[in-house]
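Trainee: Sharing a structure here in structure tokens format.
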Amino acid sequence: TWFYQPIHKFFLKFSDYQSENPRVVSHLVTRFVILAIFTGFALFGVTWNKTLSVPAVVLFEKQHIIRAEASGFVQDIFVKPGDYVQQGDQLMLLVNEDLQSDRKLLELELKKIELQKRMAHVQDKYNELQILEERQKIITSQKHNLDADAQNLVLRTPGNGKIVGRTIGNRHGTLVYKGEPLCLVVDPEHKHLVASVDQNDIAAIQKLFPGDVVIDMSEAGLGTFTGQIKKIVPKASRNLVHFSFAAPFGGSFDVKPGEGGNYQLFSPRFNVHIAIPESVRPTLR
Numbered sequence: 616t617w618f619y620q621p622i623h624k625f626f627l628k629f630s631d632y633q634s635e636n637p638r639v640v641s642h643l644v645t646r647f648v649i650l651a652i653f654t655g656f657a658l659f660g661v662t663w664n665k666t667l668s669v670p671a672v673v674l675f676e677k678q679h680i681i682r683a684e685a686s687g688f689v690q691d692i693f694v695k696p697g698d699y700v701q702q703g704d705q706l707m708l709l710v711n712e713d714l715q716s717d718r719k720l721l722e723l724e725l726k727k728i729e730l731q732k733r734m735a736h737v738q739d740k741y742n743e744l745q746i747l748e749e750r751q752k753i754i755t756s757q758k759h760n761l762d763a764d765a766q767n768l769v770l771r772t773p774g775n776g777k778i779v780g781r782t783i784g785n786r787h788g789t790l791v792y793k794g795e796p797l798c799l800v801v802d803p804e805h806k807h808l809v810a811s812v813d814q815n816d817i818a819a820i821q822k823l824f825p826g827d828v829v830i831d832m833s834e835a836g837l838g839t840f841t842g843q844i845k846k847i848v849p850k851a852s853r854n855l856v857h858f859s860f861a862a863p864f865g866g867s868f869d870v871k872p873g874e875g876g877n878y879q880l881f882s883p884r885f886n887v888h889i890a891i892p893e894s895v896r897p898t899l900r
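Now the structure itself:
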């Protein structure tokens with residue numbers, strides 16, 4: 616409707632136009648050339664800047680996530696939030712009576728098998744002896760795993776730093792499961808930003824790498840300052856870098872429940888690490 620009909624009518628009446636104006640062809644060519652020049656200048660000669668805004672969160676560069684390496688009840692807590700600890704310091708003591716009783720049962724089972732092996736050897740029951748040796752290997756492996764869990768009932772810090780975790784003091788007497796995060800040990804002097812970038816925008820961020828970006832923290836009363844892109848994680852992920860990105864906690868991303876009570880993004884996003892000026896780090900929470 617917009618293009619075909621006018622062009623079609625133009626060519627039908629072109630002979631009439633040409634009879635009225637013999638220079639109609641040269642006029643059309645001139646106008647087309649002028650239009651092409653202006654269009655080309657607008658497309659390739661005029662520069663413009665696109666503003667891309669992405670959310671980011673302040674995280675510690677050097678941090679150790681303290682997880683329960685064995686399930687058990689929290690019997691003692693030796694630290695509180697804000698304490699500074701050294702590598703190897705005790706953080707918590709867990710108790711697991713079921714674990715201890717299982718270890719004792721396996722010890723008794725191993726002693727029983729050892730007696731049965733002696734009996735089978737004396738009676739030349741080599742087939743039975745072979746079966747007992749295989750069972751002994753299995754139970755020994757099980758006891759080794761339980762012994763490791765028993766040693767892990769004492770939680771120690773893997774590095775130096777400051778204890779972060781508001782709920783650590785409320786865990787006394789509670790049951791924690793193997794792999795459950797309990798607190799962080801961080802270096803408070805080293806912080807950076809981690810931005811979450813949509814797949815459609817990552818190409819624009821890659822063009823900036825390792826350039827500067829403007830960080831806007833006006834709502835927090837810190838104004839704007841400049842940071843530098845240090846790292847772009849090459850693979851997109853649905854996992855949240857921090858729960859504050861999620862809509863249920865005031866973030867901008869819709870999420871769905873994931874494994875272990877965590878939340879997951881509906882579509883994968885890229886994580887971009889941004890260095891911040893030393894003068895600003897102490898004021899960032």
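Per the working numbering, the sequence shown starts with residue 616, numbered consecutively.
Every residue gets a Cβ at the ideal spot worked out from N, C-alpha and C, and that includes glycine.
Fair warning: this is a prediction, and the values are worked out from it, not measured in the lab.
Output yes or no for whether 8 Å exceeds the beta carbon distance between I844 and V887.
Mentor: yes
Trainee: For N742, report the span of its alpha helix (DSSP H) as first-last.
Mentor: Bounds of the alpha helix (DSSP H) holding N742 are 741–766.
Trainee: Output the residue ranges of the beta strand (DSSP E) runs that lie fully inside the segment 645–669 and measure 3 residues or longer, sorted by chain position.
Mentor: none
Trainee: Against chain D, with Cβ distances strictly below 8 Å, would V887 count as a contact?
Mentor: Of the protein chains in the structure, only one exists, and it is not chain D.
Trainee: Using C-beta distances below 6 Å, list every residue in its chain close to D691, excluding the 5 sequence neighbours before and after it, in chain order.
Mentor: L708
Trainee: Based on Cα-Cα distance, which residue from Q879, Q821, E804, V895 lies nearest to G839?
Mentor: As written in the sequence, residue 839 is Thr, which differs from the Gly given in the question. Looking at the Cα atoms, V895 is the closest of the given residues.
Trainee: Going by the beta-carbon positions, is the gap between R771 and G703 smaller than 8 Å?
Mentor: yes
Trainee: With DSSP collapsed to three states, give me the class of Q731.
Mentor: helix
Trainee: Closest by CA to I891, which one among P825, V848, K822, L808?
Mentor: Comparing Cα-Cα distances from I891 to each of P825, V848, K822, L808, the minimum goes to L808.
Trainee: Quick one: measure Cβ to Cβ for V710 and G687, integer angstroms, because I've assumed they're closer than 8 Å.
Mentor: Right, their Cβ atoms sit about 6 Å apart.
Trainee: Among Q757, L674, L790, Q731, which residue has its Cα nearest to the Cα of E748?
Mentor: Q731
Trainee: Are R901 and Q814 close, meaning C-beta to C-beta below 8 Å?
Mentor: This structure cannot settle anything about residue 901, because the visible part of the chain is limited to 616 through 900.
Trainee: Do you know how far the Cα of K871 is from the Cα of L902?
Mentor: There is no way to answer for residue 902, as the model of the chain reaches only from 616 to 900.
Trainee: Where does T841 fall in DSSP's three states?
Mentor: strand
Trainee: Buried or exposed for D827, going by 16 or more other Cβ atoms inside 10 Å?
Mentor: exposed
Trainee: Identify whether D827 lies in helix, strand or coil by the three-state DSSP scheme.
Mentor: strand
Trainee: Taking 8 Å as the threshold (C-beta atoms), are L855 and A861 in contact?
Mentor: Taking 8 Å as the cut-off, the beta carbon of A861 is found closer than this to the beta carbon of L855.
Trainee: Is it right to say V829 is buried, meaning 16 or more other beta carbons lie within 10 angstroms of its own, or is it exposed?
Mentor: Burial state of V829 is exposed, judged by a 10 Å Cβ sphere holding fewer than 16 other Cβ atoms.
Trainee: Which residue marks the beginning of the alpha helix (DSSP H) containing H623, and which one marks its end?
Mentor: 619–627
Trainee: Here's the rule I'm using: 16 or more other beta-carbon atoms within 10 Å means buried, otherwise exposed. How should S811 be labelled?
Mentor: buried
Trainee: Contact defined as beta carbons within less than 8 Å: I believe S859 pairs with V672. What is the distance between those atoms, to the nearest angstrom?
Mentor: 6 Å
Trainee: Are the CB atoms of I680 and P796 within a distance shorter than 8 Å?
Mentor: yes
Trainee: Please report the straight-line C-alpha distance between V661 and P825, rounded to a whole angstrom.
Mentor: Taking the straight line from one Cα to the other gives about 25 Å.
Trainee: Tell me where the beta strand (DSSP E) around R884 begins and ends.
Mentor: 878–890
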